[in-house]
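Participant:
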Amino acid sequence: DLCLHWGVALTGGIASGKSTVGKSLRERGFTVIDADQASRLVVLPGTDGFHEIVAYFGQDLLLPTGELDRAKMREIVFADTEKRLKLESIIHHRLAVVSEGLLRKEGLFENPRPWFYEASLIYERKREKDFSAVWVVFCPEDLQIERVMKRDNITREQAVAILKVQMPPAEKVKKADLVIRTDCSNAELENQITDALSRMQTGVKP
């Protein structure tokens with residue numbers, strides 16, 4: 013099984029630095045599937061996912077361009093648990109199909125090798141057992157809030173609301189096979205990634 017034997021889940025809270033770690037892994041030649049980017053593909057205008065979202069949430073969610081207003085959608089789903097779960101269910105099974113297609117394209121079914129699945133909600137969706145290991149990317153909560161406010165141009169209250177629907181970072185750290193901290197210099201971060209990869213390739217549990 014490509015997930016269970018070769019897949020490594022790369023998780024952590026929003027704005028914890030997962031994308032920075034993912035970028036480094038790509039530069040080192042590894043396949044990294046970004047669940048957030050893949051989820052955008054399954055809701056592009058004209059797709060089944062797009063039509064299902066519009067049917068459930070209404071036309072108000074569309075931009076003048078005909079695309080989904082992601083900022084408005086985020087506001088709605090983080091304020092309403094039922095709507096958030098509905099959106100996740102629309103995206104989730106389609107995401108699995110897209111991910112499999114990307115792995116096929118990379119030739120991993122013919123030539124299995126370690127690859128990474130970058131996603132925020134591994135533990136929340138109880139998917140940790142689907143992978144050979146889980147790496148948790150961590151930084152202090154204050155830094156997470158600061159980063160997400162700057163990145164998404166949102167208020168502190170909105171940033172805190174997003175963090176509240178995710179498992180507390182300290183809990184993820186306790187469950188992790190390996191922890192990578194991103195509240196450090198780029199050189200220190202790269203050293204942590206190098207060390208993590210050497211442990212993985214020698215079969216040593218962190």
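For the sequence shown, position 21 (counting from the first letter as 1) is numbered 33 according to the numbering used here, and the numbering increases by one without interruption. Just so you know, even glycine gets a beta-carbon here, dropped at the ideal spot from N, CA and C.
Based on the DSSP secondary-structure assignment, which residues constitute the bridge partners of L22?
Facilitator: Answer is E130, W147.
Participant: Using the rule of at least 16 other Cβ atoms within 10 Å of the residue's Cβ for burial, across every protein chain shown, is K30 buried or exposed?
Facilitator: With 16 or more Cβ atoms within 10 Å of its Cβ, K30 is classed as buried.
Participant: Assuming T32 is part of the alpha helix (DSSP H), what are its boundary residues?
Facilitator: Its alpha helix (DSSP H) spans residues 30 to 39.
Participant: The beta strand (DSSP E) with I192 in it runs from where to where?
Facilitator: Start and end: 190 to 193.
Participant: With burial defined as no fewer than 16 other Cβ atoms inside 10 Å of the residue's Cβ, what is the status of E130: buried or exposed?
Facilitator: By the neighbour-count rule (16 or more Cβ atoms within 10 Å), E130 is buried.
Participant: Let me confirm a value: N198 is counted as buried when at least 16 other C-beta atoms fall within 10 Å, else exposed. Which label applies?
Facilitator: When all chains shown are included, N198 counts as exposed.
Participant: Measuring straight from C-alpha to C-alpha, what distance separates D207 and D46?
Facilitator: Cα to Cα, D207 sits roughly 22 Å from D46.
Participant: For F62, which option in E118, S101, K184, T93 has the closest C-alpha, if you only look at C-alpha atoms?
Facilitator: Residue S101 is the option with its Cα nearest to F62.
Participant: In angstroms with no decimal places, state the Cα-to-Cα distance between A91 and K98.
Facilitator: Using only the alpha carbons, I get a separation of about 13 Å.
Participant: Can you tell me which of G113, A27, Q49 puts its alpha carbon nearest to the alpha carbon of L175?
Facilitator: Per the Cα distances, A27.
Participant: Tell whether a beta-carbon distance below 9 Å holds between K95 and I103.
Facilitator: No; because the gap between Cβ atoms is not below 9 Å, this pair is not in contact.
Participant: V149 and E140 - do their beta-carbons sit closer together than 9 Å?
Facilitator: No, the pair does not count as a contact, with Cβ atoms beyond the cut-off.
Participant: For L74, which three-state DSSP category applies?
Facilitator: If DSSP states are grouped into helix, strand and coil, L74 belongs with the strands.
Participant: Whole alpha helix (DSSP H) runs in the region 161 to 201 with 4 or more residues, listed along the chain?
Facilitator: List check, alpha helix (DSSP H) in window: 168 to 176, 181 to 187.
Participant: Whose C-alpha, out of T43, R211, L22, I205, is nearest the C-alpha of G119?
Facilitator: Minimum Cα distance to G119 is reached at T43.
Participant: Can you give the Cα-Cα distance for L201 and R40, rounded to whole angstroms?
Facilitator: Computed Cα separation, rounded: 14 Å.
Participant: Tell me V44's beta-bridge partners as DSSP assigns them.
Facilitator: F128.
Participant: Smallest Cα separation from I65: which of P124, T77, D81, A50?
Facilitator: Comparing Cα-Cα distances from I65 to each of P124, T77, D81, A50, the minimum goes to D81.
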